[in-house]
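To keep things clear, I will list the structure first and then write my remarks on it.
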Amino acid sequence: MPRRRVSLADLHRTAVGQGQALLGTVPAEAPRALGGFDTHGISQHTHPTVADISECLFFSPGDGRIWLQDQRMILLHSEALGSLRRELIDSIGLDKARGLLTRAGYVSGARDARLVRQQWPDAEPTAAAMAGTRLHALEGVVQVEVVHARYNAELGEYDGEFIWHNSSEDDEHIAAYGVGGSPACWMQVGYATGYVSTLFGRMIVFREVECRSSGAAHCRVVGKSAELWDDPEQDLFYLNAQDFVGTPPATLPTSMPAGAQGKVRTTYLGVPPGKAASSNAGAAADPTAHATMVGASSAFNAACHMLQRVAPTAATVLFTGESGVGKEMFASMLHRISPRSSQPFVAINCAAIPETLVESELFGVERGAYTGAGTSRPGRFERAHDGTLFLDEIGTLSLVAQGKLLRALQEGEVERVGGTRTVRVDVRLVAATNVDLRQAVREGTFREDLFYRLNVFPIHLPPLRDRRDDIPLLMSHFLAHYQRKHQRQVPGFSQAAVKAMFHYPFPGNIRELQNLIERAVILATDGEPIEPHHLFAGGEQSGGGVMSLLLQGNSGGTLHAQGVAGGGAAMQAAAAASARAGVALAPAVAPVVAPLHQAEEQMLRQALQSAGGNVALAGRLLGISRATMAYRVRKFGI
Ligand SMILES: Nc1ncnc2c1ncn2[C@@H]1O[C@H](COP(=O)(O)OP(=O)(O)OP(=O)(O)O)[C@@H](O)[C@H]1O
Numbered sequence: 001m002p003r004r005r006v007s008l009a010d011l012h013r014t015a016v017g018q019g020q021a022l023l024g025t026v027p028a029e030a031p032r033a034l035g036g037f038d039t040h041g042i043s044q045h046t047h048p049t050v051a052d053i054s055e056c057l058f059f060s061p062g063d064g065r066i067w068l069q070d071q072r073m074i075l076l077h078s079e080a081l082g083s084l085r086r087e088l089i090d091s092i093g094l095d096k097a098r099g100l101l102t103r104a105g106y107v108s109g110a111r112d113a114r115l116v117r118q119q120w121p122d123a124e125p126t127a128a129a130m131a132g133t134r135l136h137a138l139e140g141v142v143q144v145e146v147v148h149a150r151y152n153a154e155l156g157e158y159d160g161e162f163i164w165h166n167s168s169e170d171d172e173h174i175a176a177y178g179v180g181g182s183p184a185c186w187m188q189v190g191y192a193t194g195y196v197s198t199l200f201g202r203m204i205v206f207r208e209v210e211c212r213s214s215g216a217a218h219c220r221v222v223g224k225s226a227e228l229w230d231d232p233e234q235d236l237f238y239l240n241a242q243d244f245v246g247t248p249p250a251t252l253p254t255s256m257p258a259g260a261q262g263k264v265r266t267t268y269l270g271v272p273p274g275k276a277a278s279s280n281a282g283a284a285a286d287p288t289a290h291a292t293m294v295g296a297s298s299a300f301n302a303a304c305h306m307l308q309r310v311a312p313t314a315a316t317v318l319f320t321g322e323s324g325v326g327k328e329m330f331a332s333m334l335h336r337i338s339p340r341s342s343q344p345f346v347a348i349n350c351a352a353i354p355e356t357l358v359e360s361e362l363f364g365v366e367r368g369a370y371t372g373a374g375t376s377r378p379g380r381f382e383r384a385h386d387g388t389l390f391l392d393e394i395g396t397l398s399l400v401a402q403g404k405l406l407r408a409l410q411e412g413e414v415e416r417v418g419g420t421r422t423v424r425v426d427v428r429l430v431a432a433t434n435v436d437l438r439q440a441v442r443e444g445t446f447r448e449d450l451f452y453r454l455n456v457f458p459i460h461l462p463p464l465r466d467r468r469d470d471i472p473l474l475m476s477h478f479l480a481h482y483q484r485k486h487q488r489q490v491p492g493f494s495q496a497a498v499k500a501m502f503h504y505p506f507p508g509n510i511r512e513l514q515n516l517i518e519r520a521v522i523l524a525t526d527g528e529p530i531e532p533h534h535l536f537a538g539g540e541q542s543g544g545g546v547m548s549l550l551l552q553g554n555s556g557g558t559l560h561a562q563g564v565a566g567g568g569a570a571m572q573a574a575a576a577a578s579a580r581a582g583v584a585l586a587p588a589v590a591p592v593v594a595p596l597h598q599a600e601e602q603m604l605r606q607a608l609q610s611a612g613g614n615v616a617l618a619g620r621l622l623g624i625s626r627a628t629m630a631y632r633v634r635k636f637g638i
């Protein structure tokens, strides 16, 4: 069979042209059904229409694939999904099954929103939102009738009501359980939440207020920005794979009653009830102790499930992943949900300690051991006794330090530098690395025996560009966080800003996203949404344009811009915003064509110079941690 991709639209066209001869089993009324949407307030001819969308659907029977543009799809019997659903409910319970299906729906909706963004970048917001209803129908899930839908970009508020006809989930639920007391379109609600939240870059919660499964004639769903609901917690609960995962609050407007703000904050803390209070022993050493962990992508959920499995044990855990993906945050959460949570969590960044001090930092030192050791002090191992010791950037340890670490792990005891007695320590070791330790072993820079000692339970955290479904949640989360922190009234993101965020590769991962949003919240004008130039004002390459940070003297940075997403008007606005922020825009520098290591060194030097030699600030400019910055500065001998 030829490996030809045939789009649904091709079939339709051919059928129309050739009197249905090539359609075979496609029923004659199918094209009419596809075009059968109607909406109030927006015409069925508004692009992207069902016909436009169907151009993205390809059947490739020759190689057993169906594509919705670049996403592989499958044509699954609704009954098969029904049986999976029934087994899930029967084996893990209604609430857990509902959570799983809601999150699967969320991922699907988020994917479709990205498709619409990519294919119709100029579609106006209502049309892009309506495309979700058309995709949902085209995928055979549900027919959507729009009661009303409205998005106010100025206020960042969404509000919509829909009637769902022919819900496939209801058919299956009713077939298995009959008509009962509660709504059952869980995946579909997850889809709507994922689609609209991804489209607008903020948390928009859908709730099914009437459902065929609970006796209504048809299903009715209401979607609103999370802060417009009084009690979004009950809906958001199902988005969390584990109870330690928080869901980002929507922006908390200052007009919100103080009591309500408090309620939302505690609900979203991301710490299971009872755990927060007991983990205070480690809180001082743990900078992320009160941070909320958010995410909804399948990669994030998979890592959370692994964390939940390993937390109750004493096994060594090795987190791998690029800088800024959340390894330290996961390590800290691991401690908080483990039986050691009331004991210390001691973190050490191996890259940040000079080679000569590693031993005394880890194992402690006895008075007089060397010049300057005026008092005896315990090392991190001793301080982490009964608790968790987190060794970050473990790949940077020297071979000598690796040998000493291995000995301490094998023997369960340490000897202070200059001391004569050994101290027994009981620590749970958690390590993290952003280098490939297997490769380091092959290259002879990392001990094989230590690698196997650490690699007991590896958890890989993929880069943000590979789990883009988390982006809207993270955007909402950090927007709310920095609004509170900096007392700003920024209602949300403009459509251009959301688009730019979805196209940005985030080389610095979540840390970089966090920095972009903090900067944007500061740069944006109160009462107006965040625009791309507020986000990409620090040298990031966004979409078609580049903004780079050029450094002149020690008197502070100068922003040099080479176009920004949004074009000339955005440039002018960027210039105005930058002027407000005390920096100036100037013509662009030539694109960097130096080898990677040279470019890296140049960027490090520029950032340091801009930050007046402040390593932490320079790191923030580049979207990396202070420790990583310090390590790289040392590596290049700057
Ligand atoms: N799932 C998440 N939800 C909310 N914030 C997150 C999440 N993951 C990471 N962050 C935030 O992103 C920043 C970077 O995370 P973290 O320091 O844990 O990354 P890392 O992988 O340890 O980086 P490095 O390798 O550079 O040390 C932190 O401010 C952290 O709070």
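Take the sequence shown: its position 173, counted from the start at 1, is 173 in full-length UniProt numbering, and no numbers get skipped. For glycine and all other residues, C-beta sits at the position ideal for the given N, C-alpha and C.
Inter-residue CB distance, residue i and residue j (contact presumed, cutoff 8 Å)
i    : j    : result
A630 : L621 : The pair is not a contact, with the Cβ atoms about 14 Å apart (cut-off 8 Å).
L362 : M333 : Not quite, the Cβ-Cβ distance comes to about 23 Å (not below 8 Å), so this is no contact.
N152 : V325 : Not quite, the Cβ-Cβ distance comes to about 34 Å (not below 8 Å), so this is no contact.
Y195 : A113 : 5 Å
F330 : L461 : 7 Å
For residue i, the nearest candidate out of the options (CA to CA)
i    : options                : result
R428 : L454, S494, G613       : L454
V425 : T433, K327, V414, D63  : V414
P48  : Q118, L88, A131        : A131
S297 : R632, V490, R111, H533 : R111
L389 : S376, G412, H173, G324 : G412
P507 : L138, F478, R468       : R468
P125 : P458, W67, Y158, L135  : Y158
A315 : L409, A80, L604, W164  : L409
A431 : D392, Q118, R377       : D392
R207 : K224, T628, L513, R86  : K224
K499 : I174, G201, Q69        : G201
A175 : V196, S214, Y370, T198 : S214
C350 : V633, T628, I53, L68   : T628
G368 : G619, W67, V417        : V417
S54  : R86, I66, S398         : I66
Q483 : L115, L464, P529       : P529
C-alpha distance - residue i paired with residue j, whole-angstrom precision
i    : j    : result
P27  : M501 : In this predicted model, P27 has a pLDDT of only 34, less than 50, meaning its place in the structure is not dependable enough to derive any value.
G181 : A104 : 23 Å
A184 : M73  : 23 Å
G395 : I92  : 40 Å
L516 : L535 : 5 Å
K275 : A129 : Residue confidence for K275 is low, a pLDDT of 32 falling below 50, so the modelled location carries little weight and cannot support an answer.
Y106 : D436 : 32 Å
R340 : F319 : 19 Å
D466 : P505 : 9 Å
D526 : L617 : 25 Å
N614 : R605 : 11 Å
Q602 : A537 : 19 Å
N166 : Q143 : 6 Å
I638 : K404 : 29 Å
K96  : L88  : 8 Å
V245 : A303 : 11 Å
L84  : G64  : 22 Å
W186 : E145 : 18 Å
G444 : H477 : 42 Å
L76  : G492 : 38 Å
N301 : I459 : 12 Å
Residue i at chain B interface by Cβ criterion, 8 Å
i    : result
E322 : Among the protein chains of the structure shown there is no chain B, as only one such chain exists.
Counterpart residues of residue i in DSSP-defined beta bridges
i    : result
F162 : V146, V221
F446 : Paired residue(s): none; F446 is not in a bridge.
N152 : E157
A431 : L318, L391
V521 : BP columns for V521 are empty, so no partner.
R65  : S60
V414 : V423
I530 : F493
G364 : P378
Proximity test, residue i beta-carbon vs ligand 3 heavy atom, cut-off 7 Å
i    : result
H460 : Absent from the structure shown: ligand 3. Ligands present: ligand 1.
Query raised in the report: Can you list, in chain order, the stretches of the alpha helix (DSSP H) that have 4 or more residues and sit fully within the stretch 280-359?
Result: 280-283, 298-310, 327-336
Requested in this report: May I have a chain-ordered list of the alpha helix (DSSP H) segments no shorter than 4 residues that lie completely inside the stretch 71-139?
Outcome: 78-92, 94-119, 125-138
Query - Those runs of the alpha helix (DSSP H) which lie wholly inside the stretch 164-229 and span at least 4 residues - result: The stretch 164-229 contains, as complete alpha helix (DSSP H) runs of 4+ residues, the segments 168-177, 186-200 (chain order).
Requested in this report: Enumerate, from N- to C-terminal direction, the unbroken alpha helix (DSSP H) stretches of 4 or more residues contained entirely within the stretch 450-509.
Outcome: 471-486, 495-503
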